[in-house]
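Note sheet for the following structure.
Numbering (this note's numbering), first residue to last: 4 to 261.
This is how it looks when you write it as structure tokens:
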């Protein structure tokens, strides 16, 4: 049996644990109510009409942003990091997409909502990678379009001023987030179409994409968490390997199945 070198939580009686758990439950319920209020504010957020004619490549030919809705009222776009010069998509984006891209999207479709991936890589690279991953989700190429630049998920100062997560370049550099000032970036954007007019209603970037759940939210419920260096308490994941949690991310087809 392998010896444990992990810094473990304190061992207490069931009664003591239950007392702590009920105390934590009060905070969890407070967070749930706060999240409900925040979601309501998000739904009240004003929107912007999309007047530019964006063009996307798909296996069925060229598509407009309106076409991506597939006759539904809402469209959620996951800005999947895939630079035209890359042969593979981003591993972290792949981990996110794999939670939903293999299965059915019926629960979204039943609520008149379409989910799609959009990347700047050419369609042939996207198609090959999608087939390798075994994904069914719609995935479009915005190669040659302004779409990625306008929604600040491709950073190129010669094309657009650097803005990511609603912060300019100077702010990002001040925060030590130089990695957000160039190249491909992750994000999620939401759109609404009413009477054939498309509106941009919401975009979130960076860790904002976590709110859709996935493996991170499962790990958040465990004693060892995400096993990231920034997590508290420090040292909780010591002994699990030299790499931090984010460095352990692989493409979905590269994990060893148990």
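Every residue, glycine too, gets a C-beta built ideally from N, C-alpha and C.
{"Asked": "Cβ separation of residue 156 and residue 188, assumed to be a contact under 8 Å, to the nearest whole Å", "Found": "5 Å"}
{"Asked": "Beta-carbon proximity list for residue 24, same chain, < 8 Å, skipping 5 on both sides", "Found": "none"}
{"Asked": "Same chain, Cβ closer than 8 Å to residue 211, neighbours up to 5 away in sequence not counted", "Found": "168, 190 and 191"}
{"Asked": "Proximity to residue 90 [Cα-Cα], best of 18, 80 and 133", "Found": "133"}
{"Asked": "Neighbour-count burial assignment, residue 30, 16 or more Cβ in a 10 Å radius", "Found": "exposed"}
{"Asked": "Coil, strand or helix - residue 79 by DSSP", "Found": "strand"}
{"Asked": "Buried or exposed (CB count within 10 angstroms, at least 16 for buried), residue 40", "Found": "exposed"}
{"Asked": "For residue 194 and residue 77, believed in contact at Cβ under 8 Å, the rounded distance", "Found": "7 Å"}
{"Asked": "Residues of its chain near residue 110, where Cβ-Cβ distance is below 7 Å and the 5 sequence neighbours each way are ignored", "Found": "none"}
{"Asked": "Alpha carbon of residue 69 to alpha carbon of residue 80, nearest angstrom", "Found": "12 Å"}
{"Asked": "Of the listed residues 114, 183 and 107, nearest to residue 165 (C-alpha basis)", "Found": "183"}
{"Asked": "Same chain, Cβ closer than 6 Å to residue 66, five either side skipped, listed in chain order", "Found": "59"}
{"Asked": "Residue 212 in three-state terms, based on DSSP", "Found": "helix"}
{"Asked": "Distance between beta carbons of residue 122 and residue 144, contact taken as under 8 Å", "Found": "6 Å"}
{"Asked": "Length-filtered (3 minimum) beta strand (DSSP E) runs lying within the region 131-161", "Found": "142-144"}
{"Asked": "Residue 128 beta carbon less than 8 Å from that of residue 105", "Found": "no"}
{"Asked": "Helix, strand or coil at residue 225 [DSSP, three-state]", "Found": "coil"}
{"Asked": "Three-way DSSP call (helix, strand, coil) for residue 264 in this model", "Found": "Since the first and last residues shown for the chain are 4 and 261, residue 264 lies out of range."}
{"Asked": "Residue burial classification, residue 92 (beta-carbon count within 10 angstroms, cutoff 16)", "Found": "buried"}
{"Asked": "Cβ pair residue 116, residue 163 closer than 8 Å", "Found": "no"}
{"Asked": "Beta bridge counterpart(s) of residue 187 as assigned by DSSP", "Found": "157"}
{"Asked": "Other residues of its chain near residue 171: CB distance less than 8 Å, five sequence neighbours each side excluded", "Found": "164 and 165"}
{"Asked": "Residue 87 CB to nearest heavy atom of the ligand FAD below 7 Å", "Found": "Judged by which ligands are present, the structure shown has none, so any question about the ligand FAD falls away."}
{"Asked": "Residue of 72, 177 and 209 minimising C-alpha distance to residue 120", "Found": "72"}
{"Asked": "For residue 173 and residue 35, the rounded distance between their alpha carbons", "Found": "34 Å"}
{"Asked": "Cross-strand partners of residue 121 (DSSP beta bridge)", "Found": "82 and 143"}
{"Asked": "Euclidean distance between Cα positions of residue 231 and residue 11", "Found": "16 Å"}
{"Asked": "Those runs of the beta strand (DSSP E) which lie wholly inside the region 18-80 and span at least 3 residues", "Found": "58-61 and 64-67"}
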